[in-house]
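Enquirer: Residues 2 to 284 (the numbering used here) make up the sequence shown, in order.
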Amino acid sequence: MSESDIDYPCFFLQNIIPCERHRIKIPTLGWVQLKEKGYIPTNQIIKSGTVSSQAGRYYVSVLVEDGLETGNNKPELKDLGIGIDLGLKDFAVCSDGSIYKNINKSPTIKKLEKKLKREQRSLSRKYESAKSQRKNEKGEATRQNIQKQVLTVQKLHQRLANARRDYINKIVSDLAKAKPGYITIEDLHVSGMMKNRHLSKAVAQQKFYEFRAKLENKCKQIGIELRIVDRFYPSSKLCHKCGCIKSDLRLSDRKYICNCGYSADGDYNASLNLRDAQTYRVA
């Protein structure tokens with residue numbers, strides 16, 4: 002079971018849906034109370050919607066026609082851009098000096114992962130116990146206990162997924178608020194990184210693809226140019242001062258030291274090189 006296994010679309014709503022502040026009318030079900038009130042606008046037309054289930058809870062997402070024209074109020078952007086170096090030690094190091102830590106190393110996430118392991122072991126023991134009780138009269142009670150434990154594991158997966166997703170949203174929002182002239186990131190070969198069995202779990206937890214997709218969407222909304230540098234561009238091995246390429250640079254070398262006397266943090270040096278890259282494609 003993974004974080005991607007906890008979202009199941011139930012059915013789609015195609016017609017215009019009546020909605021009030023505290024309830025929404027679902028076909029065949031009638032009026033259904035909303036736990037979160039005031040999020041769905043009641044003075045616009047709801048064209049369609051989707052009802053989904055996550056870890057024992059039901060959610061509705063709707064498409065609203067607001068009648069507003071987009072693209073007219075673009076903010077004034079700065080001349081200088083931002084280069085972003087993504088990694089595992091820190092999630093993102095920016096050329097403007099901003100550093101976004103790896104949330105998976107935070108005490109909150111570690112505590113949730115530890116609890117998840119404990120609950121998954123408990124679920125495994127319940128499955129093993131159920132094998133020996135198939136012909137026993139307690140089999141029905143065992144199945145009910147298994148379903149309860151499955152729901153507990155799903156809720157923990159959902160909490161972890163929500164925490165990581167919220168962190169990515171905040172990073173994208175901070176980058177957009179800076180209003181740079183452009184943003185440059187590297188085209189990471191995530192599938193190749195996942196083949197390393199020592200790093201595959203850490204790479205999957207970082208959600209690089211989700212970050213890039215949300216950043217690309219945000220840049221299109223605001224009008225920021227998102228530059229994608231080729232994955233073979235030597236951003237980490239290139240000296241930002243003299244342009245010399247240090248071919249013997251190892252992954253364990255956290256500080257970049259060049260023969261010209263330039264020294265800087267390796268990730269920060271890479272972000273500067275990405276910012277000033279001349280070969281790129283616009284997303």
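Glycine included, C-beta positions come from ideal geometry on N, C-alpha and C.
Drop a sphere of 10 angstroms on the beta-carbon of residue 5, count the other beta-carbons inside from all chains shown, and report buried for 16 or more, exposed for fewer.
Expert: On the sequence shown, position 4 is the one that residue 5 refers to. Bear in mind that a pLDDT of 44 at residue 5, under 50, signals an unreliable position, so the model cannot answer this.
Enquirer: Which same chain residues, not among the five before or five after residue 15, have their C-beta less than 7 angstroms away from its C-beta?
Expert: Along the sequence shown, read from residue 1 onward, the residue named residue 15 stands at position 14. Taken in chain order, the residues that qualify are 49.
Enquirer: Grouping DSSP H, G and I as helix and E and B as strand, with all else coil, what is residue 80?
Expert: Numbered from 1 along the sequence shown, position 79 holds the residue referred to as residue 80. Here residue 80 sits in coil by DSSP.
Enquirer: Starting from residue 212, trace the alpha helix (DSSP H) in both directions and tell me its first and last residue.
Expert: Residue 212 sits at position 211 when you count from the first residue of the sequence shown. Residues 209–223.
Enquirer: Could you tell me the alpha carbon to alpha carbon distance between residue 86 and residue 268, rounded to whole angstroms?
Expert: Residue 86 sits at position 85 when you count from the first residue of the sequence shown. Residue 268 sits at position 267 when you count from the first residue of the sequence shown. Between residue 86 and residue 268, the C-alpha separation is close to 6 angstroms.
Enquirer: Could you spell out the range, first to last residue, of the beta strand (DSSP E) harbouring residue 265?
Expert: Counting from 1 along the sequence shown, the entry for residue 265 is found at position 264. Where residue 265 is concerned, the enclosing beta strand (DSSP E) stretches over 264–266.
Enquirer: Which same chain residues end up closer than 8 angstroms to residue 259 when comparing Cβ atoms and leaving out the 5 residues on each side of it in sequence?
Expert: Within the sequence shown, numbered from 1, the residue matching residue 259 stands at position 258. Excluding sequence neighbours, residue 259 sits near 240, 242, 243, 245 and 247.
Enquirer: Does the Cβ-Cβ distance between residue 281 and residue 143 come in under 8 angstroms?
Expert: Mapped onto the sequence shown, residue 281 falls at position 280. Mapped onto the sequence shown, residue 143 falls at position 142. Contact: no.
Enquirer: According to DSSP, is residue 107 part of a helix, a strand, or is it coil?
Expert: Locating residue 107 in the sequence shown gives position 106, where the first residue counts as 1. The answer is coil: DSSP assigns residue 107 none of H, G, I, E or B.
Enquirer: Quick one: what does DSSP say residue 275 is sitting in, helix, strand or coil?
Expert: Here residue 275 is taken as the residue at index 274 of the sequence shown, counted from 1. Correct three-state label for residue 275: helix.
Enquirer: Closest by CA to residue 120, which one among 102, 28 and 146?
Expert: As a first step, residue 120 is located in the sequence shown; it is residue number 119 there, counting from the start. Looking at the Cα atoms, 146 is the closest of the given residues.
Enquirer: Closest by CA to residue 83, which one among 177, 75, 109 and 117?
Expert: For the purposes of this step, residue 83 is taken as the residue at position 82 of the sequence shown. Nearest option by C-alpha distance: 177.
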